[in-house]
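Colleague: Those protein sequence lines, which keep their order, are chains A and B. Going by my numbering, the first sequence opens with residue 1, and the numbers climb by one from there. Going by my numbering, the second sequence opens with residue 1001, and the numbers climb by one from there. I'd like to ask some things about the structure below.
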Amino acid sequence: MTEITRADVDDIVRTLLTNDAYTVLDNIEGEDRFGTAPVRDAYFALCSTQLTGDLDATQGFIHKNQYPSPMNALRTEWGSIGNLRFLVSSIGSVTANSSNAGDDVYNIFCVGMEAYACIEQDQYSASFIYRPPIYDGPLALNASVGYKFAEVPRITNDLWVINLRATRS
Amino acid sequence: MTYDGYTIGGRFIADGNAADIIVRGDIDWMTVINATVTLAGGAGSAVRFEWFRGLGDGIGIVYNKLAADDSVTQEITAAGAGFTLIDSSGPELGAILASTQIQAGPPPVVLSANTGGLVNGDIVRIVSSTNAEQLGGVDFQIGAVNPNVSFTLAYMPAIVATGVVAGSYYPVRFDPIYYPRRRFIASITQANPAVITTTVDHGFTVGQQVRLQVPADFDMVEIDGLTATVTAVTANTITTDINSAAFAAFAWPLTGDVPFTHAQVLPVGEVSGTAGAIPLSGATRNTGEIFMRLAAGVNSPAGAANDVIYWKAGRYFSIDNE
Chain A
1 MTEITRADVD DIVRTLLTND AYTVLDNIEG EDRFGTAPVR DAYFALCSTQ
51 LTGDLDATQG FIHKNQYPSP MNALRTEWGS IGNLRFLVSS IGSVTANSSN
101 AGDDVYNIFC VGMEAYACIE QDQYSASFIY RPPIYDGPLA LNASVGYKFA
151 EVPRITNDLW VINLRATRS
Chain B
1001 MTYDGYTIGG RFIADGNAAD IIVRGDIDWM TVINATVTLA GGAGSAVRFE
1051 WFRGLGDGIG IVYNKLAADD SVTQEITAAG AGFTLIDSSG PELGAILAST
1101 QIQAGPPPVV LSANTGGLVN GDIVRIVSST NAEQLGGVDF QIGAVNPNVS
1151 FTLAYMPAIV ATGVVAGSYY PVRFDPIYYP RRRFIASITQ ANPAVITTTV
1201 DHGFTVGQQV RLQVPADFDM VEIDGLTATV TAVTANTITT DINSAAFAAF
1251 AWPLTGDVPF THAQVLPVGE VSGTAGAIPL SGATRNTGEI FMRLAAGVNS
1301 PAGAANDVIY WKAGRYFSID NE
């Protein structure tokens, strides 16, 4: 079995703690609300939306709508397991056909506080530029969009970044 | 920003091999002129080539110079003798191929009745190889290609593989686009300094720092988690500043040990060789690119050795391919 398990999560958390990584988010205290559970202080786990079903099925998973105060959940957050809070993205990392059986392997990047940083250059990070038709030609027929960015993402301490690789069911 | 797309161009001296023309963005057309053939008097070979979006991979329109009056005729190139537009940030794997056996080696030999056009130096990803599952999911650079018969896993030590080992493999068309890349470990010496052999050419440079991930299944547990500075390299080996002489021997797990995590070299940074210098050799960067591959030969756009080749390419503001 190479889908994510609670034991995998515990191993990741244990390793990050041993490597002296700080958690990114504080705990969410329990409240007297039916069906909710307190949430531990947590590291971030960044992964693909393809893994949501497997996260739901993992022992100890708390969906964000079961948080005592769901407004504390991030928009991209799916839920938490132990001391990991999972943020999902449709462009989450996947390595195609790279399991022993030839299945896709999903990279779940588990990070502590300040494990990585974005270094901005030239006084700006990124710009998304939209020019409406009236500015793009005398007949106002066409709009244009583009982007430019000048920033460099770097890992500041690789001991605070762990790649948990898992297939999906 | 422009309405009219863009036009780019350039020139190169042919070396007799296929030429990859890196373009700054996607393109819709390309024209190649072989100046050497054009300037030569009398009948000759192909002088001009054109490609338009919508043509199939590997072909193009060719203008052949036929007679002493420099007249030309127009036709389609032979398959594989024209243009192929490639985006290296696209799907990294080719179509899956079947293998019938992996012999122990060294280096291990993969038998396959259809090698799908692989050549020496290409990379394959082994999957689902019964009785050699320890190789599953790993990328290997290949050598000694005997088309539609066999190839070797060039950098691998001997493996334990018993009986017929049917399986599959994918051709890996492109490296992962972000450099430096993590690589799988084929072997590590018990020596001072320790030398690591990777399963494919690694691309690391002297001064970079790597962290070694060597799970207990590979026996050399003492080296697991250590950070090493790269002190010397060949295409597929890394000399480190680690003394592994007293470590346990590095050994690949057996097929029955699956699943396990593979031994890997993970790039983590770099050290500066000069005080005050800004080290950039290990900077993480996106190496994805779009390029046009020109086939080589007297009837192809990359021409023959020493031909002077001019090219121009561009993108339409609007295109309507019905």
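C-beta: ideal position from N, C-alpha, C; glycine also.
Beta-carbon within less than 8 Å of threonine 15 of chain A's beta-carbon, same chain only, minus the 5 sequence neighbours each way: which residues are those?
Modeller: Translated into the one-based positions of the first sequence, residue 15 of chain A becomes position 15. If we look at threonine 15 of chain A and ignore the five residues flanking it on each side, its Cβ neighbours are Ile162.
Colleague: Let me know if methionine 1001 of chain B comes out buried or exposed under the rule of 16 or more other beta-carbons within 10 Å of its beta-carbon.
Modeller: Here residue 1001 of chain B corresponds to residue number 1 of the second sequence, with the count starting at 1. Per-residue confidence for methionine 1001 of chain B stands at a pLDDT of 41, beneath the threshold of 50, marking its modelled position as unreliable; the derived number appears in the next sentence. Exposed, since its Cβ has fewer than 16 Cβ neighbours within 10 Å.
Colleague: Spell out the partners DSSP gives arginine 1315 of chain B in its beta bridges.
Modeller: The count along the second sequence starts at 1 and reaches residue 1315 of chain B at position 315. According to DSSP, which records beta bridges pairwise, arginine 1315 of chain B is partnered with B:Tyr1006.
Colleague: Where does the unbroken beta strand (DSSP E) through glycine 102 of chain A begin, and where does it stop?
Modeller: The residue labelled residue 102 of chain A in the question sits at position 102 within the first sequence. That residue, glycine 102 of chain A, is in no beta strand (DSSP E); it is neither H nor E in DSSP.
Colleague: In whole angstroms, what is the alpha-carbon distance linking phenylalanine 1052 of chain B and alanine 1019 of chain B?
Modeller: Residue 1052 of chain B sits at position 52 when you count from the first residue of the second sequence. Residue 1019 of chain B sits at position 19 when you count from the first residue of the second sequence. Their backbone Cα atoms lie some 18 Å apart in a straight line.
Colleague: Candidates B:Gly1143, B:Ala1283, B:Ile1319, B:Thr1073: which alpha carbon is nearest asparagine 1120 of chain B's?
Modeller: Taking the second sequence and counting its residues from 1, one reaches residue 1120 of chain B at position 120. The residue with the shortest Cα to Cα distance from asparagine 1120 of chain B is B:Gly1143.
Colleague: Just to confirm the assignment, what range does the beta strand (DSSP E) spanning valine 1127 of chain B have?
Modeller: Taking the second sequence and counting its residues from 1, the one referred to as residue 1127 of chain B is at position 127. Note, valine 1127 of chain B: beta strand (DSSP E), 1123-1127.
Colleague: Taking the C-alpha atoms as reference points, what is the distance between isoleucine 62 of chain A and glycine 79 of chain A?
Modeller: Within the first sequence, numbered from 1, the residue matching residue 62 of chain A stands at position 62. Within the first sequence, numbered from 1, the residue matching residue 79 of chain A stands at position 79. Taking the straight line joining both Cα atoms gives about 5 Å.
Colleague: With a cut-off of 8 Å, does the C-beta of glutamate 1133 of chain B fall near any C-beta of chain A?
Modeller: Sequence index remark: in the second sequence, residue 1133 of chain B carries index 133 (1-based). So, interface residue.
Colleague: What residues from chain B crowd round asparagine 100 of chain A, counting only those whose CB sits closer than 8 Å?
Modeller: Position 100 of the first sequence holds residue 100 of chain A. Result: Val1127, Ser1128, Glu1133, Gly1136, Gly1137, Val1258, Pro1259.
Colleague: Within 10 angstroms of the Cβ of isoleucine 12 of chain A, are there 16 or more other Cβ atoms? Answer buried if so, exposed if not.
Modeller: Taking the first residue of the first sequence as 1, we reach residue 12 of chain A at position 12. By the neighbour-count rule (16 or more Cβ atoms within 10 Å), isoleucine 12 of chain A is buried.
Colleague: Is the CB-CB distance between valine 1258 of chain B and isoleucine 1185 of chain B below 8 Å?
Modeller: The sequence position of residue 1258 of chain B within the second sequence is 258, counting from 1. The sequence position of residue 1185 of chain B within the second sequence is 185, counting from 1. Going by C-beta atoms, valine 1258 of chain B is not nearer than 8 Å to isoleucine 1185 of chain B.
Colleague: In chain A, which residues lie with their C-beta within 9 Å of the C-beta of threonine 1229 of chain B?
Modeller: Along the second sequence, read from residue 1 onward, the residue named residue 1229 of chain B stands at position 229. In chain order: nothing, as chain A lies at least about 14 Å away.
Colleague: Could you tell me whether the Cβ of glutamate 1270 of chain B comes closer than 8 Å to any Cβ of chain A?
Modeller: Within the second sequence, numbered from 1, the residue matching residue 1270 of chain B stands at position 270. No - not a single Cβ of chain A is within 8 Å of the one on glutamate 1270 of chain B.
Colleague: State the start and end residues of the unbroken beta strand (DSSP E) segment that holds leucine 84 of chain A.
Modeller: By one-based count along the first sequence, residue 84 of chain A stands at place 84. Residues 84-89.
Colleague: Per DSSP, which residues does threonine 1239 of chain B bridge with? Please list them.
Modeller: Looking up residue 1239 of chain B in the second sequence gives position 239. Answer is B:Val1195, B:Ala1232.
Colleague: Apart from the five residues just before and just after asparagine 1306 of chain B, which ones in its own chain have a Cβ nearer than 6 Å to its Cβ?
Modeller: Residue 1306 of chain B sits at position 306 when you count from the first residue of the second sequence. Nothing listed; no residue qualifies.
Colleague: Comparing alpha-carbon positions, which option in A:Arg85, A:Asp158, A:Val152, A:Ala166 lies nearest glutamine 123 of chain A?
Modeller: Within the first sequence, numbered from 1, the residue matching residue 123 of chain A stands at position 123. That would be A:Val152, whose Cα lies nearest to the Cα of glutamine 123 of chain A.
Colleague: Between the Cα of alanine 21 of chain A and the Cα atoms of A:Phe86, A:Ala57, A:Val111, which residue gives the shortest distance?
Modeller: Translated into positions along the first sequence, residue 21 of chain A becomes position 21. Among A:Phe86, A:Ala57, A:Val111, the Cα nearest to that of alanine 21 of chain A belongs to A:Val111.
Colleague: Using a beta-carbon distance cut-off of less than 8 Å, what residues from the segment 143-158 of chain A approach chain B?
Modeller: Cβ contacts with chain B: Ser144, Gly146, Val152, Pro153, Arg154, Ile155, Asp158.
Colleague: Looking at the secondary structure, which residues open and close the alpha helix (DSSP H) in which alanine 1035 of chain B lies?
Modeller: In the second sequence, the residue the question calls residue 1035 of chain B occupies position 35. Run containing alanine 1035 of chain B: 1035-1039, per the alpha helix (DSSP H) assignment.
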